[in-house]
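Visitor: This is the structure I want to talk about, given as structure tokens.
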Amino acid sequence: MAGSLSTMTCKNTMLTRLNGSVDDAGKIVSLWCRNVAWSIVSNRQQLPTVLRQLFPGAGESGKSTILKQMKILHKDGFSQHDFEMIRPVVYSNTVHAMLAVLRAMYQLNIEFSDPERQKDAQIVYATVHAQRDAEPFSESLSQAMQKLWADGGVQSCYSRSNDFLDDLPRLSTADFLPNEQDVLRTRVKTTGITEVLFELKGLTFRVIDVGGQRSERKKWIHCFDNVNAIIFISSLSEYDQTMREDNFTNRMHESLKLFDSICNSPWFVDIHFILFLNKKDLFAQKIRRSPLTVCFPEYKGQQNYSESVNYIQWKFEQLNRNAQREIYCHHTCATDTNNVQFVLDACLDMIIAKNLKSMVKLMNNNNQFVKLLLNQMNSIVSSTDIFDEKFTIYRDDFI
Numbered sequence: 006m007a008g009s010l011s012t013m014t015c016k017n018t019m020l021t022r023l024n025g026s027v028d029d030a031g032k033i034v035s036l037w038c039r040n041v042a043w044s045i046v047s048n049r050q051q052l053p054t055v056l057r058q059l060f061p062g063a064g065e066s067g068k069s070t071i072l073k074q075m076k077i078l079h080k081d082g083f084s085q086h087d088f089e090m091i092r093p094v095v096y097s098n099t100v101h102a103m104l105a106v107l108r109a110m111y112q113l114n115i116e117f118s119d120p121e122r123q124k125d126a127q128i129v130y131a132t133v134h135a136q137r138d139a140e141p142f143s144e145s146l147s148q149a150m151q152k153l154w155a156d157g158g159v160q161s162c163y164s165r166s167n168d169f170l171d172d173l174p175r176l177s178t179a180d181f182l183p184n185e186q187d188v189l190r191t192r193v194k195t196t197g198i199t200e201v202l203f204e205l206k207g208l209t210f211r212v213i214d215v216g217g218q219r220s221e222r223k224k225w226i227h228c229f230d231n232v233n234a235i236i237f238i239s240s241l242s243e244y245d246q247t248m249r250e251d252n253f254t255n256r257m258h259e260s261l262k263l264f265d266s267i268c269n270s271p272w273f274v275d276i277h278f279i280l281f282l283n284k285k286d287l288f289a290q291k292i293r294r295s296p297l298t299v300c301f302p303e304y305k306g307q308q309n310y311s312e313s314v315n316y317i318q319w320k321f322e323q324l325n326r327n328a329q330r331e332i333y334c335h336h337t338c339a340t341d342t343n344n345v346q347f348v349l350d351a352c353l354d355m356i357i358a359k360n361l362k363s364m365v366k367l368m369n370n371n372n373q374f375v376k377l378l379l380n381q382m383n384s385i386v387s388s389t390d391i392f393d394e395k396f397t398i399y400r401d402d403f404i
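Residue numbers (my numbering): 6 to 404.
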């Protein structure tokens, strides 16, 4: 069987031209094995240049807000067009925040300090009923909401300040345009899959945000391939709230159940796992008036931030059934850019380091394979004269 092999090079290593006749099939197999070895050697420097992070978590946990922070920190932020597109969302979020307070007042039998505010409340109800909540505020609506927000009954019902309602005069101007903080504080239900790509330290990070509602989770399966890290996000402040989908299931219980299913999934056995316990600012306020035993009746600790948040973290960590995996946990406030920057930088550095370590381990395993192949092939090559020149291997090319 006659054949020829064009010269192949890998740094200082060369295969010379094959001119002779080869009848021994074993020699052909050996030559093929040699090509496999060179392929491994020549590709040993090809470390992954794109790292994929999946952002799962229950609905309203803050995933999309952290994704927005990534755009601010590692891309070009938001454009004028982005701000213009988000303006109707700011309007709608503001009106619905007021609507939520008014409904809560009704359910809790809280009266307005000034009975005249009942007329203002009707303006808010009428705006939502007419589906005009995403439009610029009319003079009557703006005045009605500002008077409502100043009412003592409204404030007693909604003791925590709302940023949009606090900012009603600015939002009511004719030339109002949202800023970065407005964008971070808007809430839009995530449907489908959203991705953000950014460059950092010579690598491309591809971050995938998936809808957290139950109806959206079936779409996650398409994101599972080639994931380098999972950043699971859970809202600390929702320990005393129920799911929107059924108005019965505790949101923290739902988040723990979801974490359990993902953390212990066979898809992610070797994946780095990071846990963000988000909305720590809201949790710090709420824990003073709403006991953690609402969610965890067995809790015996103090009713303060430190002990409560540590207990919640433990509840998540003890679900991990992989003894070889460490859960990297961070307490976050998604709307605080400085906090998110510090946490994300630490996480991204860890992801880079862990993936480089995995690649080095893989390459070491490949090098052992190469050495075994070359030792076998050298013994074959040295016993035949089918090559015009002796075959020389520079082992420092791959060791």
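Don't be surprised by glycine CBs; every beta carbon is placed ideally from N, CA and C.
From a predicted model like this one, the values you see are computed outputs, not experimental measurements.
For the beta strand (DSSP E) containing residue 234, name the first residue and the last one.
Guide: Start at 1 with the first residue of the sequence shown, and residue 234 comes out as number 229. Element bounds for residue 234: 234-240.
Visitor: Are the Cβ atoms of residue 66 and residue 269 separated by less than 8 Å?
Guide: By 1-based counting over the sequence shown, the position of residue 66 is 61. By 1-based counting over the sequence shown, the position of residue 269 is 264. No; because the gap between Cβ atoms is not below 8 Å, this pair is not in contact.
Visitor: Counting only runs of 3+ residues fully inside the segment 277-301, write out the beta strand (DSSP E) ranges in chain order.
Guide: Listed in chain order, the complete beta strand (DSSP E) runs (minimum 3 residues) inside the segment 277-301 are 277-283.
Visitor: Alpha carbon to alpha carbon, how far is residue 315 from residue 72?
Guide: Residue 315 sits at position 310 when you count from the first residue of the sequence shown. Residue 72 sits at position 67 when you count from the first residue of the sequence shown. Looking at the two C-alpha atoms, the distance is approximately 25 Å.
Visitor: Looking at residue 170 and residue 99, is the spacing between their C-beta atoms short of 8 Å?
Guide: One-based indexing of the sequence shown puts residue 99 at position 94. One-based indexing of the sequence shown puts residue 170 at position 165. It is a contact, given that the beta carbons lie within the stated cut-off.
Visitor: Keeping to the same chain, check which residues put their C-beta closer than 7 Å to that of residue 348; ignore five residues upstream and five downstream.
Guide: Start at 1 with the first residue of the sequence shown, and residue 348 comes out as number 343. Same-chain partners within the cutoff: 335 and 337.
Visitor: So the candidates are 245, 310, 260 and 328; which of them puts its Cα closest to the Cα of residue 298?
Guide: Your numbering for residue 298 matches position 293 in the sequence shown. With distances taken between Cα atoms, residue 298 lies closest to 245.
Visitor: Grouping DSSP H, G and I as helix and E and B as strand, with all else coil, what is residue 343?
Guide: The count along the sequence shown starts at 1 and reaches residue 343 at position 338. The answer is helix: DSSP assigns residue 343 an H, G or I state.
Visitor: Do you know how far the Cα of residue 329 is from the Cα of residue 355?
Guide: Walking along the sequence shown from the start, residue 355 turns up at place 350. Walking along the sequence shown from the start, residue 329 turns up at place 324. If you take the alpha carbons of residue 355 and residue 329, they lie about 16 Å apart.
Visitor: Within 8 Å, do at least three Cβ pairs link the segment 305-324 to the segment 270-277?
Guide: No: fewer than three Cβ pairs fall under 8 Å.
Visitor: Would you say the segment 70-88 touches the segment 179-192, given that touching needs at least three Cβ pairs under 8 Å?
Guide: Because the criterion of three Cβ pairs below 8 Å is met, the segment 70-88 and the segment 179-192 touch.
Visitor: Quickly, what does DSSP pair residue 334 with across the bridge? List them, please.
Guide: If you number the sequence shown from 1, residue 334 lands on position 329. Answer is 280, bridged to residue 334.
Visitor: So, at 6 Å on beta carbons, what are the nonlocal neighbours of residue 78 in its own chain, with the 5 sequence-adjacent residues on each side left out?
Guide: Against the sequence shown, residue 78 aligns to sequence position 73. Answer for residue 78: 346, listed in chain order.
Visitor: What is the DSSP secondary structure of residue 273, reduced to helix, strand or coil?
Guide: On the sequence shown, position 268 is the one that residue 273 refers to. Residue 273: helix per DSSP, three-state reduction.
Visitor: If you check the beta carbons only, do residue 213 and residue 281 fall under 8 Å apart?
Guide: Residue 213 sits at position 208 when you count from the first residue of the sequence shown. Residue 281 sits at position 276 when you count from the first residue of the sequence shown. No, the pair does not count as a contact, with Cβ atoms beyond the cut-off.
Visitor: Note down the Cα distance separating residue 288 from residue 174, rounded to an integer number of angstroms.
Guide: Along the sequence shown, one-based indexing puts residue 288 at 283. Along the sequence shown, one-based indexing puts residue 174 at 169. Their Cα atoms are separated by approximately 28 Å.
Visitor: Can you pull the DSSP bridge partners for residue 255?
Guide: The residue given as residue 255 occupies position 250 in the sequence shown. The partner list for residue 255 (beta bridge, DSSP) reads 247.
Visitor: Alpha carbon to alpha carbon, how far is residue 210 from residue 204?
Guide: Stepping through the sequence shown from its first residue, residue 210 is reached at position 205. Stepping through the sequence shown from its first residue, residue 204 is reached at position 199. For residue 210 and residue 204, the distance between alpha carbons rounds to 6 Å.
Visitor: For residue 61, count neighbouring C-beta atoms within 10 Å of its own C-beta (all shown protein chains included) and say buried if the count is 16 or more, exposed if not.
Guide: The residue labelled residue 61 in the question sits at position 56 within the sequence shown. Buried.
Visitor: Could you tell me the boundaries of the beta strand (DSSP E) in which residue 198 lies?
Guide: Here residue 198 refers to the residue found at position 193 of the sequence shown. Per DSSP, residue 198 belongs to the beta strand (DSSP E) from 198-205.
Visitor: Taking the straight line between their C-alpha atoms, what separation do you get for residue 150 and residue 70?
Guide: As a working mapping, residue 150 is identified with position 145 in the sequence shown. As a working mapping, residue 70 is identified with position 65 in the sequence shown. Cα-Cα distance, rounded: 26 Å.
Visitor: What residue ranges within the segment 63-122 form continuous beta strand (DSSP E) runs of no fewer than 3 residues, ordered along the chain?
Guide: The segment 63-122 contains no whole beta strand (DSSP E) run of 3 or more residues.
Visitor: When burial is assigned at 16 or more other CB atoms within 10 Å of the CB, is residue 264 buried or exposed?
Guide: Within the sequence shown, residue 264 is the residue found at index 259, counting from 1. The residue in question, residue 264, is buried, as its Cβ has 16 or more Cβ neighbours within 10 Å.
Visitor: Taking just the CA atoms, how far does residue 116 sit from residue 146?
Guide: Start at 1 with the first residue of the sequence shown, and residue 146 comes out as number 141. Start at 1 with the first residue of the sequence shown, and residue 116 comes out as number 111. Looking at the two C-alpha atoms, the distance is approximately 21 Å.
Visitor: DSSP on residue 175, reduced to helix/strand/coil?
Guide: Reading the sequence shown from its first residue, position 170 is the one you call residue 175. Note: residue 175 maps to helix in three-state DSSP.
Visitor: Going along the chain, which residues of its own chain have a beta-carbon closer than 8 Å to the beta-carbon of residue 193, five neighbours each way excluded?
Guide: If you number the sequence shown from 1, residue 193 lands on position 188. Counting only Cβ-Cβ distances below 8 Å, and skipping sequence neighbours, we find 69 and 94.
Visitor: How many angstroms separate the CA atom of residue 278 from the CA atom of residue 234?
Guide: Working through the sequence shown from its first residue, we reach residue 278 at position 273. Working through the sequence shown from its first residue, we reach residue 234 at position 229. Between residue 278 and residue 234, the C-alpha separation is close to 6 Å.
Visitor: Hey, residue 56 and residue 208: beta-carbon distance below 8 Å or not?
Guide: For the purposes of this step, residue 56 is identified with residue 51 of the sequence shown, where counting begins at 1. For the purposes of this step, residue 208 is identified with residue 203 of the sequence shown, where counting begins at 1. Their beta carbons are under 8 Å apart, which means residue 56 touches residue 208 by this criterion.
Visitor: Between the C-alpha atoms of residue 184 and residue 64, what's the straight-line distance to the nearest angstrom?
Guide: If you number the sequence shown from 1, residue 184 lands on position 179. If you number the sequence shown from 1, residue 64 lands on position 59. Their Cα atoms are separated by approximately 24 Å.
Visitor: To the nearest angstrom, how far is it from the Cα of residue 92 to the Cα of residue 182?
Guide: The count along the sequence shown starts at 1 and reaches residue 92 at position 87. The count along the sequence shown starts at 1 and reaches residue 182 at position 177. Straight-line Cα distance between these residues: approximately 7 Å.
Visitor: Counting only the same chain and skipping the five closest in sequence on each side, list residues whose C-beta sits under 8 Å from that of residue 253.
Guide: In the sequence shown, counting from the first residue as 1, residue 253 sits at position 248. For residue 253, where only same-chain residues beyond five positions count, the Cβ hits under 8 Å are 247.
Visitor: From 106, 313 and 352, pick the residue whose C-alpha is nearest to that of residue 160; which is it?
Guide: Within the sequence shown, residue 160 is the residue found at index 155, counting from 1. Of the listed residues, the one whose Cα sits closest to residue 160 is 106.
Visitor: Report yes if the C-beta distance between residue 97 and residue 139 is below 8 Å; otherwise report no.
Guide: Your numbering for residue 97 matches position 92 in the sequence shown. Your numbering for residue 139 matches position 134 in the sequence shown. Their beta carbons are under 8 Å apart, which means residue 97 touches residue 139 by this criterion.
Visitor: Label residue 178 either buried or exposed according to how many other C-beta atoms from any shown protein chain fall within 10 Å of its C-beta, with 16 as the threshold for buried.
Guide: Taking the sequence shown and counting its residues from 1, the one referred to as residue 178 is at position 173. Exposed, because fewer than 16 other Cβ atoms sit within 10 Å of the Cβ of residue 178.
Visitor: Can you give me the start and stop residues for the alpha helix (DSSP H) that residue 186 sits inside?
Guide: Here residue 186 corresponds to residue number 181 of the sequence shown, with the count starting at 1. First-last of the alpha helix (DSSP H) with residue 186: 185-190.
Visitor: Considering just the uninterrupted stretch of the beta strand (DSSP E) at residue 193, what are its terminal residues?
Guide: Walking along the sequence shown from the start, residue 193 turns up at place 188. Unbroken run through residue 193: none, as it is neither H nor E.
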